[in-house]
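Chains as they are written, first to last, in this note's numbering: chain A, 137 to 542; chain B, 9 to 150.
Right, dumping it as structure tokens:
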């Protein structure tokens, strides 16, 4: 239903664009571009699973995408990307429309540009979310999970709706504003993240409001951003009465604020990002709302060193706490214990030290290797680790990735 | 020792001076583009895919060599003041979120001249030592 209405919307948009385009249809191919990429990963962990059964080595991570853009008129851009992502038991590789949009550049000058977008839009938050699945834009194989928590990916991937953007240059600085409003993705992965598993009911509608303001040096020597987003998801429990301990009908509220800063010096790039996420389950009830509201807090610090035109190193340290007032997860464990449920407090936090190397033998190829030393299991997918009690607190992850672009 | 010093100085003079002076780039555009000169800031705004129109309204269409092409590397470093991988990073963030259209990539001087002279609002670059440049407008950067 949702994708049908989107396809319909885009059909109308493309038709409209074609009708208003100048008669020189013979020049169309010059206005059409296609690009894409293929990424294959390999993950090996000593404990806990990520992207499949990584404890015995997993190749179960693959990203394929093809995108096209077309400028029917100088102020209109139609762009879309079809993507398949296979990631353990989280994403099954079925092709999805990653984005499909009509962009109207309403005003375009040397100093300011602004426009409107309609369709399925990427969610602008932090430095990396809009292109989080594109290996060439990631500083490492796994994006900093503290901010770009893979379990959060589906909710923050895209929205079906409208957006406004304005770019400005003044006093030698760029100031870019992105606003997006619409319905976010609401699939089983979102239930796993916010309800702890595949629930009998589902999130049947939702609304997201997202904004990002970025200040940067025009030559990309540094940039700083603040991103604010708010998601309201309506949960329909289906069952009446709702079984004990399960969530009932109601709205889940998630509010996210991200602060980002990046600066380059010679061959170095330093990045820091901080996230505060307020999660409010109080309308839903059930075991997930034993503590009805929590503040997730996380940050990371990252240094990239490009020691030749083909090689780079990345060193990163980050911490994430699902409840910043209960960093060790012990209150959570005690609350569940009162109900006679055993739990693993390490699932409430994670501290990750990452060391990685990247090699780009040609502009079309990128190979990466990295090692993670992790304490805590917060960002491990429950789909690949069905039993919380089996989670190990201290674990190591080794990862390889090859990607090709065209 | 004297030989080393002499040849060392000679090597530095031969090696460094030409790359600074002779390998300058020429920015070229479609003859319909009404601009004889551009500021470095405007040039960067065009090549970082921010502005989509020329002041008189033609669409901006970038035509570039591949990332590892010497003319591209020299142009990006000298005229834009960044490394090719930094420019690629800016482009990829826009291209893979559907915000802009990717530049047209060509692999020969002939193709560069063809596409710049046949694309309304087209802009590209050449190394200065390619000889006569016909059918395109040469733009000074100042």
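Don't be surprised by glycine CBs; every beta carbon is placed ideally from N, CA and C.
Is residue i helix, strand or coil by DSSP?
{"i": "residue 57/B", "result": "coil"}
{"i": "residue 144/B", "result": "coil"}
{"i": "residue 52/B", "result": "helix"}
{"i": "residue 515/A", "result": "coil"}
{"i": "residue 111/B", "result": "coil"}
{"i": "residue 283/A", "result": "coil"}
{"i": "residue 221/A", "result": "strand"}
{"i": "residue 26/B", "result": "With a pLDDT of only 43 at residue 26/B, under the threshold of 50, the placement of this residue in the model should not be trusted; the figure read from the coordinates follows. It is helical."}
{"i": "residue 190/A", "result": "helix"}
{"i": "residue 101/B", "result": "helix"}
{"i": "residue 378/A", "result": "coil"}
{"i": "residue 83/B", "result": "helix"}
{"i": "residue 167/A", "result": "helix"}
{"i": "residue 127/B", "result": "coil"}
{"i": "residue 33/B", "result": "strand"}
{"i": "residue 471/A", "result": "helix"}
{"i": "residue 117/B", "result": "helix"}
{"i": "residue 133/B", "result": "strand"}
{"i": "residue 63/B", "result": "coil"}
{"i": "residue 122/B", "result": "helix"}
So residue i and residue j are supposed to be a Cβ contact under 8 Å. How far apart are they, rounded?
{"i": "residue 207/A", "j": "residue 222/A", "result": "About 32 Å separates the two Cβ atoms, so there is no contact after all."}
{"i": "residue 145/B", "j": "residue 38/B", "result": "7 Å"}
{"i": "residue 527/A", "j": "residue 184/A", "result": "6 Å"}
{"i": "residue 372/A", "j": "residue 340/A", "result": "5 Å"}
{"i": "residue 400/A", "j": "residue 448/A", "result": "The pair is not a contact, with the Cβ atoms about 12 Å apart (cut-off 8 Å)."}
{"i": "residue 261/A", "j": "residue 365/A", "result": "6 Å"}
{"i": "residue 106/B", "j": "residue 301/A", "result": "At roughly 12 Å, the Cβ-Cβ gap does not stay under 8 Å, so residue 106/B and residue 301/A are not in contact."}
{"i": "residue 177/A", "j": "residue 520/A", "result": "Rounded, the Cβ-Cβ distance is 14 Å, inconsistent with contact."}
{"i": "residue 390/A", "j": "residue 367/A", "result": "4 Å"}
{"i": "residue 141/B", "j": "residue 36/B", "result": "6 Å"}
{"i": "residue 384/A", "j": "residue 342/A", "result": "Incorrect: roughly 17 Å between the Cβ atoms, too far for contact."}
{"i": "residue 403/A", "j": "residue 442/A", "result": "5 Å"}
{"i": "residue 71/B", "j": "residue 132/B", "result": "4 Å"}
If we define contact as Cβ-Cβ less than 7 Å, is residue i a contact residue for chain B?
{"i": "residue 139/A", "result": "Because the pLDDT of residue 139/A is 45, which lies under 50, any placement of that residue in the model is unreliable, and the question is left without a value."}
{"i": "residue 309/A", "result": "no"}
{"i": "residue 321/A", "result": "no"}
{"i": "residue 523/A", "result": "no"}
{"i": "residue 261/A", "result": "no"}
{"i": "residue 258/A", "result": "yes"}
{"i": "residue 456/A", "result": "no"}
{"i": "residue 440/A", "result": "no"}
{"i": "residue 176/A", "result": "no"}
{"i": "residue 272/A", "result": "yes"}
{"i": "residue 215/A", "result": "yes"}
{"i": "residue 469/A", "result": "no"}
{"i": "residue 267/A", "result": "yes"}
Looking only at C-alpha atoms, which of the options sits nearest to residue i?
{"i": "residue 194/A", "options": "299/A, 202/A, 182/A and 383/A", "result": "182/A"}
{"i": "residue 61/B", "options": "106/B, 42/B and 75/B", "result": "42/B"}
{"i": "residue 232/A", "options": "471/A, 214/A, 387/A and 269/A", "result": "269/A"}
{"i": "residue 102/B", "options": "130/B, 59/B and 135/B", "result": "59/B"}
{"i": "residue 351/A", "options": "379/A, 286/A and 263/A", "result": "263/A"}
{"i": "residue 52/B", "options": "83/B, 110/B, 114/B and 141/B", "result": "83/B"}
{"i": "residue 411/A", "options": "173/A, 437/A and 188/A", "result": "437/A"}
{"i": "residue 250/A", "options": "171/A, 312/A, 398/A and 346/A", "result": "312/A"}
{"i": "residue 76/B", "options": "49/B, 128/B, 116/B and 107/B", "result": "116/B"}
{"i": "residue 40/B", "options": "65/B, 33/B and 54/B", "result": "65/B"}
{"i": "residue 463/A", "options": "512/A, 416/A and 255/A", "result": "512/A"}
{"i": "residue 510/A", "options": "453/A, 540/A and 492/A", "result": "453/A"}
{"i": "residue 256/A", "options": "431/A, 216/A, 304/A and 426/A", "result": "216/A"}
{"i": "residue 345/A", "options": "516/A, 334/A, 292/A and 469/A", "result": "292/A"}
{"i": "residue 220/A", "options": "214/A, 213/A and 228/A", "result": "228/A"}
Hey, is residue i's beta-carbon within less than 7 Å of any beta-carbon in chain A?
{"i": "residue 90/B", "result": "yes"}
{"i": "residue 45/B", "result": "no"}
{"i": "residue 37/B", "result": "no"}
{"i": "residue 104/B", "result": "yes"}
{"i": "residue 79/B", "result": "no"}
{"i": "residue 50/B", "result": "yes"}
{"i": "residue 145/B", "result": "no"}
{"i": "residue 87/B", "result": "no"}
{"i": "residue 94/B", "result": "yes"}
{"i": "residue 33/B", "result": "no"}
{"i": "residue 142/B", "result": "no"}
{"i": "residue 42/B", "result": "no"}
Does the Cβ of residue i lie closer than 6 Å to at least one heavy atom of the ligand FAD?
{"i": "residue 185/A", "result": "The ligand FAD is not among the ligands present in this structure, which contains no ligands whatsoever."}
Contained beta strand (DSSP E) runs [length at least 3] in the segment 225 to 262 of chain A, N- to C-terminal order: As summarised for the segment 225 to 262 of chain A, the continuous beta strand (DSSP E) elements at least 3 residues long and confined to that stretch are 232 to 244 and 248 to 258, given in chain order.
Complete runs of the beta strand (DSSP E) confined to the segment 381 to 461 of chain A [at least 3 residues]: As far as the segment 381 to 461 of chain A is concerned, its whole beta strand (DSSP E) runs of at least 3 residues are 386 to 401, 404 to 416, 429 to 441 and 447 to 457.
Alpha helix (DSSP H) runs contained entirely in the segment 305 to 344 of chain A, provided each spans 4 or more residues: Counting only runs of 4 or more, we get 324 to 331.
Contact list for the segment 96 to 120 of chain B against chain C, Cβ threshold 8 Å: Absent here is chain C; the protein component of the structure consists of chains A and B.
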